[in-house]
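Take a look at the structure below.
Chains as they are written, first to last, in our numbering: chain A, 1 to 483; chain B, 1001 to 1483.
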């Protein structure tokens, strides 16, 4: 099981292969291209035009032409003409990645990897995975797979070489820091499940459940963790949907049902022509009388927004954080109709909140706006150039934001390296036992970034989460002190 | 006749409708989609796929779908699959604009317009055009055309409403600065020819010919101007191809022939498979023994690069300025084969210089690199905010570049508003008879921009042109002083 990270600073591209498609997928019956269809499709003149385009190109273009690419191009062009960023055609390989991301599982060795100095580096082996059992460790650099070098590949391509069918064996050559010779591992691929739900209980009896994606298994996992927290006597709940890009519609409906009273609306779908269908709760579980706060931000999209809307409007939950992404449409995924293994993801409806609001391109406003500190979004420092007094650029700005975030308040945060900035750099260098130069060379820059990253990943600095917990604590205490 | 501007600063979008397509068009016979074709086009399975995509979308998409758009999308997708920025499908309207731009003429009223404060404003009426004869003046704002308001339209759309078939009448309502009531004009549309060649003679007997595009009539105009200069006793020639995006292959070959000796190569075409065809000069005109310098920059593309390459490698001309754009392919334009009025622009060959260099994505290096001053490319100043001492942003940076360009040397040009910058602002304000505040408010910003624009359009500040003229002058003087 692996935990998907939320706040990722300093352009660390950590991926578990798959990753966030912004969508609310549904499984409705769609009109297939059968006789019952209302559309008549392409007529002969139109087909002749397409044919002429292909022939003209294949006979006259100045380079060799891949026929298959032209056909794929035509389908992409048809879907692209909708100008809908959520409708897409996927050829076989892309489609299988998409399905895995939606299902929340894939088959592989189970190592979270990132590209670091252009090398495929293990972030961590997934607990219980074949990679962990074989002895793969964090910071291992993967050199080759089945004898084929991974050098120069982008992450997606490298990962596609590591993955493969369940039960198949793969030989991985690994360079381990501190070990001079590469190490050889033979690993048998297996099903790897992505962890999309992480929960813990605060001392104050406030439970926190983070949901990173609404995959096929997320509803089940959510109920498990919720029940566990309830058994521990939870008095208030934070549901953290920050940076959750969405997922399956039936899963979010199932999850919202835990909180929305019987008969109340969770979400409504509106198809072309305006026909609406409301999804109503079939009755929430008993004992859900604790207060709930939902955390959202600009990365909370689609199914996350359905959840937030339902819990706010039909279950009295409070929304805290920042305005959400704003994606108010529902897609369905149509497999194999455009060729075996292909997938057509098509927007088939709008979704509206219980109060019939269409939040598309607007997002949902939190009841209480709380932002994270500036240093959560700071850009990395270019380490090629030493930054010093009287300079003026974006790198100095990043350094000022980091320093101030770490308690070395520079006052200026606009990129001008003034005397105060120099003083704070010196203080930081002294505390970190670096050469006290007052200049930011590669070493100081790296130390600044490391300290900032450490602070961001430390939950005590998560302003939004802390605020939510604090308020729920006050709310649960208040009646007690009155009675 | 209208002169196309070269250096356009401060995001002035002046257009005469048409404008630069980066291409070297040829008129070769291409393989039409006939029986002689080698390609077999789309097979039944492929056609069925495309049909299925159209039907699935038309039956299930959440909004109404424009059938025509899906078909256009398919063709765009086929052409787009080539990933060639120079191959493109154009539907009827786009195709006619493209043809006009290539032909170098169109039918309309003949007013150069720009969008200024979101209003369609006349830059200048074209000499001898219906607009000029009717009394349209520079700075007139066009309010409506045939009773339809132009408010809120983008420039391209507004222009398409003003243009129309030759001989047709159009009623234009105009707001003239200083005149309270709108003025009504009735104008009869006519053929308007774009001027693509501008020439003048320097006192030093160095001739300068600027070529802004290689349109159908450009070759003829070039020869006219060249002959005129020669008759005036020209001793050296500057051909200015800066920001010239290209045009017709036969036109540039025809023009290069003026300078390339008989039998020498002007340009070579290489089609798929590597077959080469060389275009050789059929003999240059007599009396072309004066030295020639060609001015190029990053906006000199395609046919401009053919011209520069031919004159350098086969006629001993000198290239001066900056590295050229780097577009080494030849397109042909195939009309009506994908529907009446449509156009398929397709890359059918590479072109190589006489010495068989493929300059694609590299460009041509000048023999002598000369850049324009920084203020030629400076960004405009946001006038919402007053800039003052100790501020630090992009607007201050623009102001510093402008001040220094105007002779008020600020030393810093990095956006930090220091004491020296303040001093120079005060000097500028004093000279311009503005309130001497040392701060840059809207009035000072506008004055800075106006003064900078004036300097840019003043040829005495054209470093590249002046350098070319100066060197030719030296070259023509040198033998005289030796004899």
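Even for Gly, the Cβ is constructed at its ideal location relative to N, Cα and C.
Quick caveat, the model's predicted, so the values are computed rather than measured.
The Cβ atoms of residue 296 of chain A and residue 248 of chain A lie no closer than 7 Å to each other. Using a Cβ-Cβ cut-off of 7 Å, residue 1081 of chain B counts as an interface residue toward chain A, since at least one Cβ of chain A sits closer than that to its own. Here DSSP, grouped into helix, strand and coil, assigns residue 1375 of chain B to helix. The contact set of residue 54 of chain A on chain B, defined by CB atoms closer than 7 Å, consists of 1039, 1041, 1042, 1078 in chain order. A residue is called buried once 16 or more other Cβ atoms fall within 10 Å of its Cβ, and residue 77 of chain A is buried on that count.
Look at residue 1130 of chain B here: in three-state DSSP terms it is helix. Contact between residue 39 of chain A and residue 1058 of chain B is confirmed by a C-beta separation of about 3 Å, below the 8 Å threshold. Of A/455, A/400, A/309, A/274, the smallest CA-CA separation from residue 362 of chain A is found for A/309. Put simply, the CB of residue 1058 of chain B is near chain A, with a gap under 7 Å to one of its CB atoms. Note: residue 1301 of chain B is not bridge-paired with any residue in the DSSP secondary-structure output.
Listed as beta-bridge partners of residue 1090 of chain B by DSSP are B/1343. Taking 7 Å as the cut-off, the beta carbon of residue 54 of chain A is found closer than this to the beta carbon of residue 1042 of chain B. For residue 1059 of chain B, the uninterrupted alpha helix (DSSP H) run begins and ends at 1044–1060, by DSSP. When DSSP states are grouped into helix, strand and coil, residue 1175 of chain B belongs to the strand group. At a cut-off of 7 Å, the C-beta of residue 91 of chain A has no neighbouring C-beta in chain B. In the pairwise beta carbon analysis, the stretch 1197–1207 of chain B is classified as not touching the stretch 1145–1158 of chain B: fewer than three pairs are separated by under 8 Å.
With respect to chain A, the C-beta atom of residue 1397 of chain B has no partner C-beta closer than 7 Å. When secondary structure is reduced to three states using DSSP, residue 219 of chain A falls in the helix class.
In chain order, 1395, 1396, 1399, 1417, 1439, 1440 place their CB closer than 7 Å to the CB of residue 1387 of chain B, counting only its own chain and leaving out the 5 sequence neighbours on each side. Residue 401 of chain A sits in a helix when the DSSP states are folded into three classes.
Secondary structure at residue 336 of chain A: coil, using DSSP grouped into helix, strand and coil.
For residue 1268 of chain B, there is no enclosing alpha helix (DSSP H); the residue is found in the beta strand (DSSP E) stretching over 1265–1270. The beta-carbon of residue 1046 of chain B is placed less than 7 Å from the nearest beta-carbon of chain A.
When Cβ-Cβ separations below 7 Å define contact, residue 326 of chain A makes no contact with chain B.
A buried status is given to residue 60 of chain A, since no fewer than 16 other beta-carbon atoms sit within 10 Å of its beta-carbon. Residue state for residue 137 of chain A is assigned as coil, using DSSP reduced to three classes.
Around the beta carbon of residue 168 of chain A, fewer than 16 other beta carbons lie within 10 angstroms, which makes this residue exposed. Residue state for residue 65 of chain A is assigned as coil, using DSSP reduced to three classes.
Collapsing the DSSP output to three states places residue 1072 of chain B in a helix. One alpha carbon belongs to residue 1320 of chain B, the other to residue 1244 of chain B, and they sit about 15 Å apart. Taking 7 Å as the cut-off, the Cβ atoms of residue 1103 of chain B and residue 1291 of chain B do not count as close.
Less than 7 Å divides the Cβ of residue 174 of chain A from the Cβ of residue 183 of chain A. The beta carbons of residue 1133 of chain B and residue 1122 of chain B sit about 14 Å from each other, so the pair does not count as a contact at 8 Å. Counting only the Cα atoms, residue 231 of chain A lies some 15 Å from residue 203 of chain A. Two segments are said to touch when three or more pairs of C-beta atoms, one from each, lie closer than 8 Å; by this definition the stretch 210–222 of chain A touches the stretch 182–198 of chain A.
Judged by pairs of C-beta atoms under 8 Å, the stretch 1323–1339 of chain B does not touch the stretch 1277–1288 of chain B, as fewer than three such pairs exist.
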